[in-house]
Amino acid sequence: MSAQTNTSGWSGIFRPLDWLLLAVPVSFALRYVSAWRNDTLLFIITGLAIIPLAGWMGRATEHLSARAGQGLGSLLNATFGNAAELIIALMALSKGLTGVVKASLTGSIIGNILLVLGASMLAGGMRFNRQTFNQTAARISATSLSLAAIGLIIPTVFHLASDRQPGGWTPQAEQSLSLAIAVVLFITYIFWLIFSLFTHKKLFTGAEAAGHAEEKDAAWSVTKAVTILLMATTLVAFMSEFLVGSVEAAREQLGLTEVFVGVIIVAVIGNAAEHSTAVMMALKNKTDLSLGIAIGSSLQIALFVAPVLVFASYLFGQPMTLEFTLPEIAAVALSVWIVTEISGDGECNWLEGVQLLSVYVILAILFFFLPEPAHVQSASDSLAPAAGSAFNPASETNSTAPIPAR
Amino acid sequence: MSAQTNTSGWSGIFRPLDWLLLAVPVSFALRYVSAWRNDTLLFIITGLAIIPLAGWMGRATEHLSARAGQGLGSLLNATFGNAAELIIALMALSKGLTGVVKASLTGSIIGNILLVLGASMLAGGMRFNRQTFNQTAARISATSLSLAAIGLIIPTVFHLASDRQPGGWTPQAEQSLSLAIAVVLFITYIFWLIFSLFTHKKLFTGAEAAGHAEEKDAAWSVTKAVTILLMATTLVAFMSEFLVGSVEAAREQLGLTEVFVGVIIVAVIGNAAEHSTAVMMALKNKTDLSLGIAIGSSLQIALFVAPVLVFASYLFGQPMTLEFTLPEIAAVALSVWIVTEISGDGECNWLEGVQLLSVYVILAILFFFLPEPAHVQSASDSLAPAAGSAFNPASETNSTAPIPAR
Amino acid sequence: MSAQTNTSGWSGIFRPLDWLLLAVPVSFALRYVSAWRNDTLLFIITGLAIIPLAGWMGRATEHLSARAGQGLGSLLNATFGNAAELIIALMALSKGLTGVVKASLTGSIIGNILLVLGASMLAGGMRFNRQTFNQTAARISATSLSLAAIGLIIPTVFHLASDRQPGGWTPQAEQSLSLAIAVVLFITYIFWLIFSLFTHKKLFTGAEAAGHAEEKDAAWSVTKAVTILLMATTLVAFMSEFLVGSVEAAREQLGLTEVFVGVIIVAVIGNAAEHSTAVMMALKNKTDLSLGIAIGSSLQIALFVAPVLVFASYLFGQPMTLEFTLPEIAAVALSVWIVTEISGDGECNWLEGVQLLSVYVILAILFFFLPEPAHVQSASDSLAPAAGSAFNPASETNSTAPIPAR
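Chains as they are written, first to last, in full-length UniProt numbering: chain H, 1 to 406; chain Y, 1 to 406; chain Z, 1 to 406.
Structure representation (structure tokens):
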């Protein structure tokens with residue numbers, strides 16, 4: 001998003017990617033005009049439509065933050081930075097698609113710290129021989145990610161271990177354990193906010209200041225910012241509903257598995273706006289900012305969005321656990337491992353960007369080849385979901401919806 | 001333990017926690033007076049009694065060390081720092097309770113590097129924005145911990161892998177493998193002592209000097225130190241016998257599993273004295289010392305106490321292996337991973353303390369929800385212990401004691 | 001290999017270990033004279049013969065590199081540094097012994113970063129209290145190793161996860177996945193070469209310059225270097241054929257498993273020449289060089305030799321996957337973990353050398369106790385190889401050769 005000259009009104013605030021906004025009316029048409037109803041096309045069009053809308057939500061949030069002042073503003077940014085992904089996930093959760101939800105959580109986490117960060121380091125590294133960033137800030141962000149990874153590993157460890165006991169594994173125990181861990185992660189996120197926004201703000205200030213300096217638009221009035229935010233949010237909500245409603249038919253026709261769609265496709269869509277910002281910042285040698293965007297976004301997903309989804313699932317009456325599949329756990333753990341190594345010394349180069357992207361490609365290859373989980377395959381046969389096993393958690397609900405819950 | 005003015009005799013040497021010593025006679029009463037026999041109460045009272053006794057053992061050891069001179073003294077400290085835990089474990093081992101032994105080994109390791117270190121970093125971090133410590137010393141301690149974690153992981157890898165072979169897994173192979181690994185760990189500990197007490201003493205001297213400076217009591221005479229040490233050790237031995245003898249009944253009534261009691265409760269009791277010292281040192285910005293206490297104690301458990309227990313088990317005629325359950329291995333590996341990250345840059349802050357405590361809470365949640373292993377459940381039915389499986393090692397002995405061996 | 005005075009001709013270029021060259025004619029005799037045919041002896045003698053031959057290949061390559069100039073020369077070194085191991089592995093692959101191939105890949109990786117590097121750090125640390133090396137170069141090499149470890153872990157994760165799906169696991173999917181990952185690793189190796197030989201050459205120059213300075217022989221003419229290289233390569237090819245042909249009978253008589261022979265013995269033989277060079281460099285305080293030899297060799301095995309072997313297996317008509325057994329994966333992952341920790345701060349001491357050697361000994365203990373995999377045991381009974389399982393991949397080919405494929 002290049003700097004723009006200071007203009008008033010609405011005409012000067014459109015960005016390069018915004019032509020994709022044309023996809024919005026097209027998606028409404030595809031959805032409501034029966035003659036044109038085509039799930040695969042609807043899936044693709046709504047996916048494209050979400051990209052600029054997420055960008056607008058982000059910009060509106062930033063303008064509101066600038067108005068709200070440093071502390072509250074950063075808090076706004078930190079909480080609603082992933083609002084688009086949260087909306088998509090809540091929509092899927094309300095339909096009981098916990099499998100897609102977890103897959104997209106995984107995808108957002110690894111997408112941010114591998115794809116976004118890797119592309120940033122590679123882009124910046126092509127221009128600068130060596131880029132540096134605040135080592136302490138990077139290290140403690142990476143440690144928070146490790147903590148999150150631990151929180152996402154333990155529920156499956158519990159399932160594996162208790163499967164072998166006569167008392168066995170019960171869904172209720174798994175849900176209670178997950179809820180307790182979600183609370184711990186959420187509390188840790190609050191402490192993280194206190195640390196990064198208040199007590200040790202200086203470690204991250206480089207990022208903050210640079211971020212605000214990039215906004216060369218005329219500052220939006222509160223009315224303008226709130227209006228745009230509400231409009232964008234509403235449209236994203238509609239797009240999410242269309243997207244989630246068409247995912248089943250679309251992926252079958254495209255020959256992709258539910259897991260691949262969740263981990264790779266949904267995550268890339270949701271992160272596209274941040275992706276371009278992070279790469280731009282790296283090209284301007286503002287590495288603290290690109291690292292902050294990428295790792296900060298992953299942190300928010302793992303320590304804020306995931307717990308919130310667990311809490312929300314209880315409100316929806318269909319408790320979701322934090323039990324992920326083995327490939328998802330391996331993906332998150334290995335990604336966090338690599339990122340911790342790369343960010344630990346406060347400097348980066350183009351090869352480290354290549355390494356992050358290589359890991360992402362390897363994980364994408366894994367998710368591409370994984371066959372469809374049983375409970376999804378049997379959906380069309382209206383069979384009961386397959387019995388729960390450690391790596392293929394069955395329905396966590398009593399729903400008999402045509403789309404099986406996981 | 002605040003500094004006390006220099007007084008002679010015995011009157012000035014009591015510390016705040018010492019009122020718990022009243023629990024000692026109470027425990028004797030509960031144990032031997034039939035009318036008052038109450039296992040749950042006995043378990044709690046002896047647990048409380050061990051706390052100040054362990055503190056006295058530590059202080060006596062430190063005074064003897066001061067008398068013995070730098071090298072031999074540090075060696076004394078390094079070897080007998082965990083004498084209380086060693087005694088409790090030997091007591092449990094003699095009764096064939098290898099499950100409790102391994103659980104308490106796990107609990108001591110993770111308790112020191114997560115609970116003690118986390119509380120220290122948090123306490124110190126509330127007072128100081130940033131605390132530093134010798135990076136080289138911290139890193140090589142963390143690497144030794146990783147080596148120990150590897151030594152505790154491999155026996156279970158062996159079991160998993162050989163289960164799938166026709167030749168299969170045999171208890172004898174597991175015991176030989178464990179004994180060989182125990183020897184390697186023990187030898188590594190000796191090299192660690194040579195490194196930290198002789199060839200690279202300077203890296204750790206900060207800790208040593210500070211430790212001795214804290215002792216503002218009048219130096220105890222050798223007679224006084226040895227007497228107190230012997231008395232405290234004898235009492236700890238009795239307390240251990242009561243504790244271990246009442247653990248079964250007590251935990252059933254408290255509704256806790258054997259694993260939870262071993263990993264969380266026994267470990268917290270045994271480490272309480274060190275815990276308060278480490279927190280005090282952090283509050284005085286002597287971070288090298290608190291790190292040295294916490295990580296050094298974990299190292300001693302993993303590289304000295306664990307091998308010694310393996311050797312001792314052969315003397316007792318009931319060889320114990322180093323095969324831990326999956327949750328125990330996950331707990332140790334993940335703890336060592338987090339500590340390595342946090343201590344790698346030579347500085348810490350309050351959030352890193354929170355992160356360590358969060359991991360501890362998550363692991364405690366895991367051990368809280370884990371159901372009772374089969375061999376313990378079936379004890380009261382006098383059934384044969386469940387057949388050995390990789391994550392639930394059955395009896396390693398031929399003992400037909402009412403308390404099943406693991 | 002001590003520096004030698006500048007002499008012309010051939011007489012001055014023999015090195016201490018070269019008396020082992022006597023093993024070459026002996027091995028020919030043992031192989032072709034029926035009366036003397038003894039597989040165990042042949043195995044041992046050819047093993048000893050390879051050691052000096054690999055050294056000669058290395059020296060010839062270095063002289064050619066010096067002639068070819070900095071860039072192309074380093075490229076030569078980087079590609080053919082492990083030519084001996086590549087030849088042995090190709091020989092085994094052509095006979096369908098994919099189990100031995102993978103075991104020796106594992107052994108080369110862990111042998112270089114644990115045994116060679118550990119011995120170097122220990123030797124250097126006995127002489128120097130503290131040795132330093134370029135931290136950035138060491139860290140990015142370690143990260144490349146982590147990437148390689150991830151590439152070797154994912155195929156087994158795939159197998160474990162897809163086993164539980166109704167669609168199940170198919171050898172074809174595993175082969176396609178492995179081929180795709182091999183391509184990614186190979187491309188990453190090319191980028192690594194661009195980084196270490198061109199764009200960021202300076203980080204590694206210490207190693208380069210020092211390496212060339214050590215060659216105090218008169219520079220060999222191109223004719224001489226090429227002649228020696230061809231002769232040594234031919235002899236290594238013959239030795240490999242004898243070695244691989246006799247491994248079955250020899251190990252049975254020596255009572256060793258195929259895995260132990262592959263992981264420990266074959267790897268030690270192949271790395272012996274580099275081993276002595278690395279230790280020598282450490283004793284001369286040229287730590288960048290010893291680290292470069294050890295870690296660089298592991299990198300080459302994991303990111304170049306392994307993918308090349310996968311490609312070659314397709315040419316041989318017997319596709320090999322990158323699916324390793326659990327112990328092999330654990331060994332590689334844990335080794336890379338420890339090396340990443342130790343090399344991350346740019347300095348080392350004797351204890352870190354001891355730690356690396358300890359991990360190697362623990363892993364050797366593991367591989368020593370592991371029982372023979374099913375498919376090897378049943379070979380003599382001419383039974384069909386055991387059905388494929390995640391940790392014991394069965395035959396990947398349709399070959400009915402007497403030596404079972406894995």
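We treat Cβ as the ideally placed atom computed from N, Cα and C, and that holds for glycine.
> Between Y:Ala94 and Y:Gly270, which are expected to be in contact by the criterion C-beta below 8 angstroms, what is the C-beta distance as a whole number of angstroms?
Replying inline: The residue labelled residue 94 of chain Y in the question sits at position 94 within the second sequence. The residue labelled residue 270 of chain Y in the question sits at position 270 within the second sequence. The question names Ala, yet the displayed sequence has Ser at residue 94 of chain Y. Taking the Cβ atoms as the reference, Y:Ser94 lies roughly 17 angstroms from Y:Gly270, outside the contact range of under 8 angstroms.
> When you compare only the Cα positions, how much space is there between H:Leu115 and H:Met121?
Replying inline: For the purposes of this step, residue 115 of chain H is identified with residue 115 of the first sequence, where counting begins at 1. For the purposes of this step, residue 121 of chain H is identified with residue 121 of the first sequence, where counting begins at 1. About 10 angstroms.
> Alpha carbon to alpha carbon, what distance is there between H:Val339 and Z:Leu76?
Replying inline: For the purposes of this step, residue 76 of chain Z is identified with residue 76 of the third sequence, where counting begins at 1. For the purposes of this step, residue 339 of chain H is identified with residue 339 of the first sequence, where counting begins at 1. Their Cα atoms are separated by approximately 31 angstroms.
>> Can you confirm whether Y:Ala306, when its beta carbon is compared against all beta carbons of chain Z, has any partner nearer than 8 angstroms?
In response: Translated into positions along the second sequence, residue 306 of chain Y becomes position 306. It does not: the Cβ of Y:Ala306 has no partner Cβ on chain Z nearer than 8 angstroms.
>> Within 10 Å of its beta-carbon, does Z:Thr143 have 16 or more other beta-carbons around it, so buried, or fewer, so exposed?
In response: If you number the third sequence from 1, residue 143 of chain Z lands on position 143. Around the beta carbon of Z:Thr143, a 10 Å sphere encloses 16 or more other beta carbons of the protein chains shown; the residue is thus reported as buried.
>> Taking the alpha helix (DSSP H) that H:Glu174 belongs to, which residues open and close that run?
In response: As a working mapping, residue 174 of chain H is identified with position 174 in the first sequence. Where H:Glu174 is concerned, the enclosing alpha helix (DSSP H) stretches over 171 to 194.
>> I'd like the list of long-range same chain contacts for Y:Ala237, defined as Cβ closer than 6 angstroms, with 5 residues on each side in sequence excluded.
In response: Position 237 of the second sequence holds residue 237 of chain Y. Taken in chain order, the residues that qualify are Ile87.
>> Taking 8 angstroms as the threshold (beta carbon to beta carbon), is Z:Val279 in contact with chain H?
In response: Counting from 1 along the third sequence, the entry for residue 279 of chain Z is found at position 279. No - not a single Cβ of chain H is within 8 angstroms of the one on Z:Val279.
> Tell me which same chain residues have a C-beta within less than 7 angstroms of the C-beta of Z:Gln377, skipping the five on either side of it?
Replying inline: Indexing the third sequence from 1 puts residue 377 of chain Z at position 377. Unreliable placement is indicated for Z:Gln377, whose pLDDT of 43 sits below 50; no coordinate value is reported for it.
> Among Z:Leu185, Z:Gly344, Z:Phe186, which has the Cα closest to the Cα of Y:Ala138?
Replying inline: Along the second sequence, read from residue 1 onward, the residue named residue 138 of chain Y stands at position 138. The residue with the shortest Cα to Cα distance from Y:Ala138 is Z:Gly344.
>> Could you tell me the alpha carbon to alpha carbon distance between Y:Ser221 and Y:Gly81, rounded to whole angstroms?
In response: The residue you call residue 221 of chain Y lines up with position 221 of the second sequence. The residue you call residue 81 of chain Y lines up with position 81 of the second sequence. Taking the straight line from one Cα to the other gives about 20 angstroms.
>> In the DSSP output, what is H:Glu347 paired with across the bridge?
In response: Against the first sequence, residue 347 of chain H aligns to sequence position 347. By DSSP's assignment, H:Glu347 forms a beta bridge with H:Thr132.
> Under a CB-based cut-off of 8 angstroms, is H:Asp345 close to chain Z?
Replying inline: On the first sequence, residue 345 of chain H is found 345 positions in, with the first residue counted as 1. Closer than 8 angstroms: yes.
>> Whole angstroms are fine: how far does the CA of Z:Gly47 sit from the CA of Z:Val266?
In response: Here the question's residue 266 of chain Z lines up with position 266 in the third sequence. Here the question's residue 47 of chain Z lines up with position 47 in the third sequence. The alpha-carbon separation between Z:Val266 and Z:Gly47 amounts to approximately 8 angstroms.
>> Using the Cβ count rule (16 or more neighbours within 10 Å means buried), how would you classify Y:Leu303?
In response: On the second sequence, residue 303 of chain Y is found 303 positions in, with the first residue counted as 1. So Y:Leu303 ends up on the buried side.
> Is the beta carbon of H:Ile110 less than 8 angstroms from the beta carbon of H:Leu363?
Replying inline: Within the first sequence, the letter at position 110 stands for residue 110 of chain H. Within the first sequence, the letter at position 363 stands for residue 363 of chain H. The beta carbons of H:Ile110 and H:Leu363 sit closer together than 8 angstroms.
> What residues from chain Z crowd round H:Asn349, counting only those whose CB sits closer than 7 angstroms?
Replying inline: In the first sequence, the residue the question calls residue 349 of chain H occupies position 349. Those within 7 angstroms of H:Asn349 in chain Z are His200.
> Which residues in the same chain have their Cβ closer than 6 angstroms to the Cβ of H:Ala250, if we skip the five residues on either side of it in sequence?
Replying inline: One-based indexing of the first sequence puts residue 250 of chain H at position 250. Closer than 6 angstroms at the Cβ level, and outside the excluded window around H:Ala250, lie Asp39, Thr40, Phe43.
> Between the Cα of Z:Thr325 and the Cα atoms of Y:Phe158, Y:Glu347, Y:His275, Y:Leu315, which residue gives the shortest distance?
Replying inline: Within the third sequence, residue 325 of chain Z is the residue found at index 325, counting from 1. Among Y:Phe158, Y:Glu347, Y:His275, Y:Leu315, the Cα nearest to that of Z:Thr325 is on Y:Phe158.
> Any C-beta of chain Z sitting closer than 8 angstroms to the C-beta of H:Ile342?
Replying inline: Looking up residue 342 of chain H in the first sequence gives position 342. Closer than 8 angstroms: yes.
>> Residues of chain Y with CB closer than 7 angstroms to the CB of Z:Trp220, please, in chain order.
In response: Taking the third sequence and counting its residues from 1, one reaches residue 220 of chain Z at position 220. Contact of Z:Trp220 with chain Y by beta-carbon distance below 7 angstroms is absent, the smallest such distance being about 42 angstroms.
>> I'd like the list of long-range same chain contacts for Z:Ile335, defined as Cβ closer than 6 angstroms, with 5 residues on each side in sequence excluded.
In response: Counting from 1 along the third sequence, the entry for residue 335 of chain Z is found at position 335. Checking the sequence, you will find Ser at residue 335 of chain Z rather than Ile. Only residues of its own chain outside the window of five on either side were considered, and among them Ile110, Ile113, Leu114 have a CB closer than 6 angstroms to the CB of Z:Ser335, listed in chain order.
> Does the beta carbon of Y:Leu21 fall short of 7 angstroms from some heavy atom of the ligand HEM?
Replying inline: In the structure shown, the ligand HEM is absent, as is every other ligand, since no ligand is present at all.
> Does the region 304 to 320 of chain Z come close enough to the region 91 to 106 of chain Z to have 3 or more Cβ pairs within less than 8 angstroms?
Replying inline: Short answer: they touch.
> Rounded to the nearest angstrom, how far is the Cβ of residue 443 of chain Z from that of Z:Val310, given a contact under 8 angstroms?
Replying inline: The structure shown does not extend to residue 443 of chain Z, since chain Z spans only 1 to 406, so no value can be given for it.
>> My assumption, with CB atoms under 8 angstroms, is that H:Val261 sits in contact with H:Val247. Please give the rounded CB distance.
In response: Along the first sequence, read from residue 1 onward, the residue named residue 261 of chain H stands at position 261. Along the first sequence, read from residue 1 onward, the residue named residue 247 of chain H stands at position 247. Indeed they touch by this definition, with Cβ atoms about 6 angstroms apart.
> Start and end of the alpha helix (DSSP H) containing Z:Arg251?
Replying inline: Within the third sequence, numbered from 1, the residue matching residue 251 of chain Z stands at position 251. Here the alpha helix (DSSP H) through Z:Arg251 covers 222 to 254.
>> Out of Z:Leu22, Z:Arg37, Z:Arg15, which one is the CA nearest neighbour of Z:Thr242?
In response: On the third sequence, residue 242 of chain Z is found 242 positions in, with the first residue counted as 1. The displayed chain sequence assigns Phe, not Thr, to residue 242 of chain Z. Measuring C-alpha to C-alpha distances from Z:Phe242 to each of Z:Leu22, Z:Arg37, Z:Arg15 identifies Z:Arg37 as the nearest.
>> Quick check: is the beta carbon of Z:Ile338 nearer than 8 angstroms to any beta carbon in chain Y?
In response: As a first step, residue 338 of chain Z is located in the third sequence; it is residue number 338 there, counting from the start. Yes, because at least one Cβ of chain Y sits closer than 8 angstroms to the Cβ of Z:Ile338.
> Since Z:Ser144 meets chain H, which of its residues come closer than 7 angstroms, beta carbon to beta carbon?
Replying inline: Locating residue 144 of chain Z in the third sequence gives position 144, counting from the first residue. Here the neighbours are Gln355.
> For Y:Phe14, which three-state DSSP category applies?
Replying inline: Taking the first residue of the second sequence as 1, we reach residue 14 of chain Y at position 14. It is coil, neither helix nor strand.
>> Tell me the DSSP secondary structure of Y:Arg164 in three-state form.
In response: Position 164 of the second sequence holds residue 164 of chain Y. Secondary structure at Y:Arg164: coil, using DSSP grouped into helix, strand and coil.
> When the cut-off is 8 angstroms and only beta carbons count, does Y:Phe369 lie next to chain Z?
Replying inline: Indexing the second sequence from 1 puts residue 369 of chain Y at position 369. Cβ-Cβ to chain Z under 8 angstroms: no for Y:Phe369.
> Is the shortest distance between the beta-carbon of H:Gly151 and the beta-carbons of chain Y less than 8 angstroms?
Replying inline: Looking up residue 151 of chain H in the first sequence gives position 151. Chain Y contact via Cβ: present.
> For Z:Ser162 and chain H, any beta-carbon pair shorter than 8 angstroms?
Replying inline: As a working note, residue 162 of chain Z is residue 162 in the third sequence. A Cβ of chain H is located within less than 8 angstroms of the beta carbon of Z:Ser162.
> Is H:Phe14 buried or exposed, if buried means 16 or more other CB atoms sit within 10 Å of its CB?
Replying inline: By one-based count along the first sequence, residue 14 of chain H stands at place 14. Its Cβ having fewer than 16 others within 10 Å, H:Phe14 is exposed.
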